[in-house]
Amino acid sequence: MKRGAVEVVVRPLYSLCMTCQTTRNLLGLVLGGLLATNPVQAQKERTGVILYKDRVAAAFDTVPCVKNVLKANPLLFFRGEIPIYYERAITHRLSLEAGIGVTLRNYLALSFTGDDADDFGAGTEIIPRLSFNAGFRYYFADDIEPQGAYGQISFAHLNYTKDIRTKGPTGEFSDVTLRDDRTYNDVRLLFGYQMLSINSNWLFDVYCGPAFRDRFNVKVEEHLDLSGEQPKWAYNVKESKDQTVAFFLGVKVGLGF
């Protein structure tokens, strides 16, 4: 009887142990599956946070979010350039700005940068030339729109060309022309602040900074020669190539979309 009783007690205990082991195996499989899917879930949550930030900012904005900007620089007209700029936001801090324009008559005499004013009136034909520039802009503040303080490095190409008709002894213009040509290649380091309007997508962009300028000039110099028996107009054509430092200060007006 005792032996049979012992057998009756041992069998249930063995069966219970087998059940516990099976349960542990199932729990291990479930936990392993959760750990395997956890990185994917975490990645989805991080992506959702970035998108949620944009949605919240857009919800409190009364105008469409700006990622593209068209700008003009009216003050450059006095330096003989009429450009149009396009800025595209790449990230919340980095954007690309490119511009194309046309060069005409230069009204400012900034000899230290090589910008000589066009002091010829009648008999001078201004030849329009294309100008272009491109650069990267880094905003110091994190914003979903391209605004705030920034630093920018860019390359610019300018070419000013005019044909000058020579004068005869009595001052009348002849059919002979001389080509005056100024070519500038700049590497510019600019700092500024771009500000979007609160209730519209208009903006102002104020900037300043130095530039390293490589210039190639073909200058036509005119003077009255009094050494002969009869006064006459004389002309010298001088070529020069050098480098200098230029300085820029201006404001752009633009519209974002």
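Residue numbering for the sequence shown follows my numbering, beginning at 27 and increasing consecutively. Backbone N, C-alpha and C fix where the C-beta goes; we use that ideal spot for every residue, glycine too. Keep in mind that this is a model prediction, so the values were computed, not measured.
- When secondary structure is reduced to three states using DSSP, Phe283 falls in the coil class, being assigned neither helix nor strand.
- In the three-state reduction of the DSSP assignment, Leu250 falls in the strand class, which pools E and B.
- Beta-carbon to beta-carbon, Val95 and Glu113 are separated by about 4 Å, close enough to satisfy the 8 Å threshold.
- With respect to the C-alpha of Tyr133, the residue from Ile126, Gly125, Ala143 having the closest C-alpha is Ala143.
- According to the DSSP secondary-structure assignment, Cys91 is paired through a beta bridge with no residue.
- If you draw a straight line from the Cα of Ile179 to the Cα of Pro257, it comes to about 51 Å.
- 8 Å or more divides the Cβ of Leu215 from the Cβ of Met221.
- If the five residues before and after Ser223 are omitted, its C-beta is found closer than 7 Å to the C-beta atoms of Leu229, all from its own chain and listed in chain order.
- Residues Lys93, Ser121, Pro172 of the same chain have their beta carbon placed closer than 6 Å to that of Ala115, with the five preceding and five following residues left out of the count.
- Sixteen is the threshold: since fewer than 16 other Cβ atoms of the shown chains lie within 10 Å of the Cβ of Ser226, the residue is exposed.
- When the five nearest sequence neighbours on each side are left out, the beta carbons in the same chain lying within less than 6 Å of the beta carbon of Ile152 are those of Leu130, Arg131, Lys188, in order along the chain.
- Under DSSP, the beta-bridge partners assigned to Ile190 are Thr150, Leu204.
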